[in-house]
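Have a look at the structure below, then the notes.
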Amino acid sequence: MKYLKFLLLCIPFSIAGYYLKWNSTLTFFLVCFSIVPLAGFLGSATEEIAVYTGPKLGGFLNATFGNATELIISFFAIRAGLYEVVKASLVGSILGNILLVLGCSIFAGGLKHKELKYDSQLGSFTATMLLFAVIGLSIPAVFTYHVSEKLVSSDYENLSIITSVIMLIIYILGMIYSFKTQNDLYGVEHAEDIDSKWSLKLSIVILAACTVLIAYESELLVDTIKPMTSSAGISQMFVGIILIPIVGNAAEHSTAVIMALKNKMDIAIEIAVGSSLQIALFVIPISVLISLFFTPMSIVLKPVELFLLFSSVLIANQIVKSGRSNWMEGLKLISIYIIAAAGFFIIG
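The sequence shown lines up with residues 1 to 348 when you count with the UniProt record's numbering.
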């Protein structure tokens, strides 16, 4: 966090660039760099509040605000009608957490500690739930592609709504179950890993301020996507599935790597896999329901997105259940992510 705070200087420049009509690509990246520290402080404020509220309420706060940045960006993108960008960014968040975050954590931790050992059962519930979530996300697409000529748009929108409601129910029930069995399932780190640096009042003020600023910068981000992609020749698919997820999860990514360097892979795995689960079971369904206030958005994903999701989640399950890993496995995950990013950049 002490390094991220310097990126706060990008906030006034991003606002100036937007209203003074600077180069669209420059403005886009200034906005991106502005969101990174805000997301980091938002996460830190949530963790600080969790120290005062206790593990159960703290777990709920982490589960709710853990991916607030992605949800806020999705809201403004939905309002602007950029549905493909919304779906791509949420899929990209899952892929980024599993392949990039988990990969970098294992790679960095493996280089320092040779072999990483962790509790294979601690994250198995989260990994299994993530597999269920991906299957649930895939069902509307499978039915739509199977009978695409017979379906009208309202049909697969209704199927998307039903799927979203069921997944939200599973998410809520999963939180209730986890609070009774594993207090740290949804992001409450062990007590020795959290030092209270802020008062409760200051933490709440920072949480509120960061939420407002992220909302404002997210609106600027959405407004600059089309001009930037047109001038730079980059597809909106690449922006959604690669760039936006990295921006929203940058601070969380660094935390996972730091935990791995401390040989605390249980926490690193929960950050990576647990965050992906929150996106799949909470943020995506909520985004579909939010779209009902504008133009309904389906949950139908592209075949390439489904393939990458399934492959990544299966890999995550294997890694979590093995109970040990090394830097080579981390490098493999990073390589897959780079290949996928190159594909979306060149062909996307």
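Here a beta-carbon is modelled for each residue, glycine too, at the ideal position from N, C-alpha and C.
Here the structure is a predicted model, which means the values were calculated and not measured.
| Item | Value |
| --- | --- |
| C-alpha distance - Y337 paired with S24, whole-angstrom precision | 27 Å |
| Outcome for I295 when other beta-carbon atoms lying within 10 angstroms are tallied against a minimum of 16 | Before going on, a small fix: residue 295 reads as Thr here, not Ile. Classification for T295: exposed. |
| Span separating the alpha-carbon of F282 from that of L168 | 6 Å |
| Of the listed residues L4, S44, S74 and F41, nearest to S291 (C-alpha basis) | S74 |
| Nearest residue (CA-CA) to H253, options V304, E305 and G40 | G40 |
| Identity of the residue in S322, I161 and S89 nearest F293 by Cα | I161 |
| Three-state secondary structure (DSSP) of K332 | helix |
| Under 8 Å between C-beta atoms of I267 and M259 | yes |
| Chain-order list of residues whose beta-carbon lies under 7 Å from that of S164 (same chain, five-residue window excluded) | P285, V288, L289 and I299 |
| At least 3 beta-carbon pairs within less than 8 Å: the stretch 302-309 vs the stretch 115-132 | no |
| Cut-off 6 Å between Cβ atoms - residues of its own chain near F345, not counting five sequence neighbours on either side | F238 |
| Spatial distance of I72 from L333 (CA atoms) | 28 Å |
| K117 (DSSP reduced to helix, strand or coil) | strand |
| With 16 other Cβ atoms within 10 Å as the buried cut-off, status of V205 | exposed |
| Classification of K5 by the beta-carbon crowding that lies within 10 angstroms, buried from 16 upward | exposed |
| C-alpha gap between L9 and N67, whole angstroms | 23 Å |
| Identity of the residue in S203, E270 and Y83 nearest V51 by Cα | S203 |
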